[in-house]
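Taking full-length UniProt numbering, the leading residue of the sequence shown gets 1, the next gets one more, and so forth. Ideal placement from N, C-alpha and C gives every residue a C-beta, glycine not left out. Just so you know, these numbers come straight off a predicted model, no measurement behind them.
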Amino acid sequence: MDVYDPQTLGIVVFGGFMVLSAIGITLVSTFSMKETSYEEALAKQRQDSGKIQPQRSDKKKKVSEKKNKAKKKEEKPNGNLPESEPEPILEPVVENSETKAVPQVEPEPQPEPVPVPEPEPEVKPKPVVPEPAPKIVECPVPPTVSAVVAPLAPSPKEKKKKKVAKVEPAPIKPVEVPEVVVKVEPVVAEVAVKAAVAPDVAAPPKAEEPKTEAPTKKKSKKKPEPVASVETVNVTQPSAYKNLVSSLNSASFSESETQKLFEIISKKAGKDSWQLASQKGDPLAALKKQLEEKEKQLTTEQGNVAVAKTRVKELTKELSSAKSKMTSVETRMSSELSSRGQEIAALQARMQASYQEHVKETQQLNSKIQSLQEQLENGPNAQLARLQQENSILRDALNQATSQAESRQNAELAKLRRDCVRLIRELKERTAAQHAEEERRKTLETKMVAAEEQLAQTKASHMEAQQALQKKLDRISEELREAQQGSTIFQAQVDEAKEQAKTLTELQERMLATETELKDRCEELEILRAQLSQTTTVTEEKPSVETQATAQAEIQKESEQLRNSLKEREDQLTSLEVEFKQLKEELDTVKRTQAEETQNRVNVADTERREYTAEIDQLKTSLKEKEDLVASLQAQLEKMESTVEAEPPFENLEKDACMISLEEELQQLKEEMERMKAKSNELREKNYTAVEALAAAERLSEERLRQAKAAQSETEQQLSSFQTDTRNAFQKLFPHISIETHQSNWLEAFTHEAQMTLTHSQQSPAEQQHTASSSESTDLQQKLALSEESQKSLQAECERHRSTLSETESMLKVLQKSVEDGELEWKSKIADAEHRKQAALDQVKVLEETIEKMNVERQDTNQLKGQVMLLEAQLEKQLESITISQTYAEEMSQLKALLSETQVQLVSAKAEAQQQRAELSMVKTQLEEATNTLQTEEDIRQQVASNYEQAQKCVRDLEAQLEELKAAGEAPTEELKERLEKEKKLTRDLGMAATKLQQLLKSTQEELDREKETVKNLKESVDGKEAEESKEGTSV
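This is how it looks when you write it as structure tokens:
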């Protein structure tokens, strides 16, 4: 708040006035006036009237003079009183309705009510009667304050009304009475505060005011004697009047006391009327008139009294509310005054400093103005001398210029004549040259037509070449599609092979079961052989028929069981052999088809490469030819342009048109050449891509062939090993039979020899009885051989499965390597992310430092604001105090504009600083989120690492188990299958974890990039704002 604000000034003045009014109230309450009874006042009035009656005849002549003196004396105190009490009129306007309590405090200069002499109340009724009535009449306009001010100011107007009343007493009476009735209410409300302090004598005059005006005026017409008594007492009237007003204002009456006051006033008014009537001499008529008038007044006053009572109640309520409001306002204003006092002291110090600076600036400006005035005074004389010299120089120059212009004109005329002759000659020469050039142009046009035909031919050839190239590209694309289809078919075949591998695993399981069964049957055969030997011995010892019959029956049963089992094995072996043959045939067909496809593709690729190279060479040659044509055409055009430039412009319009057309055609040719080059480049690129695709297809086919060959060699090795194993087994069974390794039909020979041995071994003295058993044993041996062959084939298949297991081991190793590489890559990416995080944190720290700097600069800007405010206040004061020239006023307006701009810039800087704070908070939150995400990623990475370690452990365990299986040779394949499935699951889990890690790293990288961009934007904004603020500081 400024000191010069009218509201603050009003508040300060009002607070001071309230303090003074409180002091006055305390003084009035302590020093109360003496109370004089109403009866004593009446006795004193009668005594005075008795003394004055004998002197009436002597003083008739002096009545007019004393009236004038009395009027003057009354006007003087009435004029002085409003001067001493003008302030409360301004104050209540500020405080609206709260100033109703103020009139009680206003009579400050009345601390002397005690020494008032006793004879004064005798004279009070007569002089006071005219004065208080107008006081009450003018109250309603400002009802809060005019109760104190109005009774004193309008005293001269009342006396003028008295003069008018002497001439016309009847019509004035009813006019004054209603005014009193309406406007006594605020006085009664103000007086109702202190009834005990107010004297009884002070009340009657106020009530008598409207009632005694008419009789006093009649007395002045008929008998001037009572007027003399008024004249004598007019000297003491102002002080007594002031005392009465102060006592009534400081008094507060209750409702009962106000009723008593009205009764006393009515009684006293009757006594006065009787007394006045007795003084006049005809009391009956006057009393009748007075009684009629007073009865009317009583009726009106009784109604007014009821209204006044209600008004008094309302005013008491308003006073209580106003007092509470005033107390709160006083407390608030006291605190505000203390704070404003401190602000004013600071402002004064700043104002003094800025005022001193401004005084210095004004002194500097005055010195500048003086120097400028001196320069202006000294300047015109020197300028006049310079102008005179320049005028003389200019006159000389004009004379010289006119003479030179005449000479130049003569020379130019001579030159123009010579030029005309020369131009005529040149026209003749150029007409001849034009005819020659027209012939040349015709020849060039013929050449242009030939060149256009050549261009059309080249275009057609180019289009044909493009079409051929496009056809070849279509062919290549179709072949690529076919190759892709073949690759898909090959993949399907690979899938079928995998399914067959699964069937082979099942066959291995069956082989193991059959091997176990064969072992059991071999054991049974040995047991049977032992039994046969025993039976032979028994037959030799006991050739009884019964034992032979039982032995034969047992042998027959066993032989039947063996036959059944051998039949089942034979069926199984036949089915396995059929499947194996089918697989071999399929492998052969696949190998043949792949070899044929690869050869065909290689041949097609070679032919296409040759065709492409030939076409590219043709295109190169055609491009070179076209470039040569373009170069020749350009040379011709340059020649034409040189010849055209030598000719005049008005003769070469047709040639210019031809040249423009030729240039357009050349541009078109150049564009076509560029298009051809671009197309050739595209064809080269397509050729390269096709060659690369063919090479990739060849590589795939070669790899697949290699894989098929490797599988075939492995199968052959497995067969050879199986054969060797079977031979060893047969030799163990029949060690006395020799087997040739290189014989193709060694199995048949072996079976024949085995049968012979069995027949020889089974020959005994009971050959006739055991012929059937020997034949059955031979059959069994043949079946055993077949089962051994099937066993060998199954063993070969088992070896195949072992080879597949080794391949899976190699695949697992490759997966381990790839996982390790992936881990290294992830670790490097995580390290990069951490480095980026640290860089972002460093950037955040730098931004925080910049923000601190901005805060310091903000404080500086706040200080500048305070200085700017001081400068504005100083400028306003100086503008009000000092009226300088227009230049100084313009400078001041510029300064104000600069100050307003600086304020706007400061406000914008504040807003930008707030925005920067918000952005920094956002960046901090983003960084926190990034740290959280990185932590989560680290946790996930640790989990993946733990999973990877577990997988490695599992792989190691599987490797150990595989080695054990290799060492053992024969073990159940079901466990291997389960382990393989576990490995597959682990690899899938690892792949899923790797994909998740890749996604997380991508997201973190994107977030880091975003944060970097935000940090860069913040840096740029901060740098820009610092630059702007530095500019603003320099401008300020």
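I'd like to know whether the C-beta atoms of N947 and A918 end up nearer to each other than 8 Å. no
### Query
Under the rule that 16 or more other beta-carbon atoms within 10 Å means buried, what is L841, buried or exposed?
exposed
So which of K837, V1022, D571 has the shortest CA-CA distance to R1007? Reading the sequence as shown, one finds Glu at residue 1007 and not Arg. If we check each option's Cα against that of E1007, K837 comes out closest.
Reducing DSSP to helix, strand and coil, say where S254 ends up.
coil
Cβ distance (whole Å) where L700 is taken to contact A451 below 8 Å: Not confirmed; about 53 Å, so no contact.
Notebook entry, point to check: Are the Cβ atoms of V12 and L337 separated by less than 8 Å?
Noted result: yes
**Study point:** Range covered by the alpha helix (DSSP H) that runs through F17
**Key:** 6-30
Outcome for M854 when other beta-carbon atoms lying within 10 angstroms are tallied against a minimum of 16:
buried
_Tell me whether the stretch 819-829 and the stretch 859-878 touch, counting them as touching only if at least three CB pairs, one residue from each stretch, are closer than 8 Å._
no
How many Å lie between R395 and A405 at the Cα? 15 Å
Sort S533, L528, E478, K581 by Cα distance to K557 and report the nearest one.
L528
Do you know how far the Cα of G24 is from the Cα of S256?
27 Å
State the Cα-Cα distance for the pair E848 and L906, rounded to the nearest angstrom.
21 Å
A711 to E523 span [Cα, whole Å]: 36 Å
message = Rounding to the nearest angstrom, what Cα-Cα distance links Q47 and G16 in this structure?
response = 48 Å
Practice item. Less than 8 Å between the CB atoms is what I'm expecting for L1000 and E937, so what's the real figure, rounded? Key: 5 Å
Going by the beta-carbon positions, is the gap between K459 and E672 smaller than 8 Å?
yes
In its own chain, which residues sit with a C-beta less than 7 Å from the C-beta of T310, not counting the 5 before and 5 after it?
-> none
task: Under the assumption that T1004 contacts A833 (Cβ atoms under 8 Å), give the Cβ distance between them as a whole number of angstroms.
output: 6 Å
- Outcome for L669 when other beta-carbon atoms lying within 10 angstroms are tallied against a minimum of 16: buried
Check your understanding: Do you know whose CA, among A696, E445, T850, Q457, lies nearest E1020's CA?
Key -> T850
Q) From S764 to E789, what distance separates their C-alpha atoms? A) Low local confidence applies: a pLDDT of 46 at S764 is under 50, so the model's placement there is unreliable, and no value is given.
- Task: Compare the beta carbon distance of I940 and K1012 with 8 Å and say whether it is the shorter of the two.
- Result: no
- Message: Can you give me the C-alpha to C-alpha distance between L427 and H435, rounded to a whole angstrom?
- Response: 13 Å
query: What residue from T861, L469, M756 has the CA that sits closest to M676's CA?
result: L469
**Prompt:** Any idea if M18 is buried or exposed, counting beta-carbon neighbours within 10 angstroms, 16 or more meaning buried?
**Reply:** buried
Requested in this report: Rounded to whole angstroms, what's the CA-CA distance from E596 to G486? Just pull it up for me.
Outcome: 12 Å
key: Residues near V305 by beta carbon distance below 7 Å, same chain, minus five either side   = F262
Suppose contacts are defined by Cβ-Cβ distances below 8 Å. Is residue 1042 in contact with K679 by that definition? Nothing can be reported for residue 1042, as the shown portion of the chain is limited to 1 through 1036.
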